[in-house]
Amino acid sequence: MNARTIAFGMVFGFVLSRAGATDYDAIAGMFRLTDLHLFGVIGVAVTVSALGFALLRRRGTARDGRPLALERKPMKRGLVVGGLLFGAGWAIAGACPGTALAQIGEGRFAGIVTFAGIVLGAWLQGRRAVSVAPATTVRT
Amino acid sequence: MDWLFSIAGGVLIGAASALLLLFNGRIAGISGIVGGVLSPARGEVLWRAMFVAGLVGAGVLFLQVAPEALPTAREDFGGRSLAMLVAAGLMVGFGTRLGSGCTSGHGVCGIGRLSPRSLVATGSFMLTGLLSVLVARLVMGGAA
């Protein structure tokens, strides 16, 4: 089970590196709409995962009998603001959480710096969320 | 042949996401996986650590076995300062935790299962991603 989970992580890492998603120029090209190949990767990934999820939904449970984490989660406060912040950060850093980790694997210093920022940001939001209120989700 | 790899790469990521759900019952959302290591929940730490180890380990292995298969590495910082990268990383970390997901969880898996809130989140981050490079191009004349 652990070896398998490592393998799943490796698939992500290999593809992100090989597709050039760890390259700042490729991310800039994607957001400039001048290099669309990463949209292609994402589009195919969405299609294949959609097929897989549909099959699994019919199956109902994971291999070990645990429930699948496929339940619809409620809309929540922060979804849009969080997304807007993330998008701008992604464009400037040239990395999302996955590609920052893959950059570290490639031995890129930029990945370490970006990931340090990510951990700090996530920690700050975690602290903030605790201090604001427990009721941060709103059902729609 | 690059388009062929884009298709193969997409198939691999989609398949790995579905298989993680099949075997672990979990969604492959990397910001959540990283965040879960920061605020550990019982029974959720080990698989997350393993996934992260694989994600980082892939590049290490790649460089040992087939470095020529990687696109030519360009300059690390691409003209950006260290402070700028930390600040951008901070926005990514804060934003993905506030918005409960990133490219993998909302963008791939969320849209793959037609989750309304993932559609909202993905629309939000793609919007500012596109706007950021546009603004940077207008203001700085193509620096970003």
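So the sequence lines, in the order shown, correspond to chains E and P.
Here the working numbering = 1-based position in the first sequence + 349.
Quick note: the second sequence, position 21, residue 3 per the working numbering, numbers continuous.
The C-beta atom is built at its ideal place from N, Cα and C for all residues, glycine as well.
This structure is a prediction, so every number in the text was calculated from the model and none was measured.
- Leu2/P reaches chain E at Thr354, Phe357, counting residues in chain order whose Cβ is nearer than 8 Å.
- The beta carbon of Gly447/E sits closer than 7 Å to the beta carbons of Phe361, Leu365 from its chain, once the five residues preceding and following it are set aside; these are given in chain order.
- Between Leu387/E and Ala368/E, the C-beta gap is smaller than 8 Å, which places the two residues in contact.
- Here Pro416/E is bridged, per DSSP, to Thr410/E.
- Burial check for Ala65/P: the Cβ neighbour count within 10 Å stays below 16, so the residue is exposed.
- Of the candidates Leu43/P, Phe107/P, Leu28/P, Leu72/P, the residue whose Cα lies closest to the Cα of Arg8/P is Leu28/P.
- Of all alpha-carbon atoms in Ile467/E, Lys425/E, Leu434/E, the one lying nearest the alpha-carbon of Val68/P is that of Ile467/E.
- Residues of the region 370 to 394 of chain E whose Cβ lies closer than 7 Å to any Cβ of chain P, in chain order: Asp372, Tyr373, Asp374, Ala377, Phe380, Arg381, His386, Gly389, Val390, Ile391, Gly392, Val393, Ala394.
- Runs of the alpha helix (DSSP H) lying entirely within the region 4 to 40 of chain P, each at least 4 residues long, are 12 to 20 in chain order.
- Taking a C-beta cut-off of 9 Å against chain P, the contacting residues of the region 446 to 464 of chain E are Pro446, Gly447, Thr448, Ala449, Leu450, Ala451, Gln452, Ile453, Gly454, Glu455, Gly456, Arg457, Phe458, Ala459, Gly460, Val462, Thr463, Phe464, listed in chain order.
- Chain E has no Cβ within less than 8 Å of the Cβ of Met122/P.
- For Lys422/E, no pairing in a beta bridge is given by DSSP.
- Leu112/P and Gly432/E have their C-alpha atoms some 13 Å from each other.
- Here Ala471/E is buried, its C-beta having at least 16 other C-beta atoms within 10 Å.
- Rounded to the nearest angstrom, the Cβ distance from Gly11/P to Cys84/P is 7 Å, consistent with a contact under 8 Å.
- Residue state for Pro49/P is assigned as helix, using DSSP reduced to three classes.
- Looking from the CA of Val(-7)/P, the closest CA among Arg381/E, Ile391/E, Met379/E, Gly378/E belongs to Ile391/E.
- Listed by position along chain P, the residues whose Cβ is nearer than 7 Å to that of Val430/E are Leu80.
- Taking all protein chains in view, the Cβ of Phe464/E is crowded by 16 or more other Cβ atoms within 10 Å, so the residue is classified as buried.
- For Phe59/P, the secondary structure class from DSSP, reduced to helix, strand or coil, is coil.
- Look at Pro53/P: its C-beta is under 8 Å from a C-beta on chain E.
- In the structure shown, Ala444/E adopts coil according to DSSP, grouped into three states.
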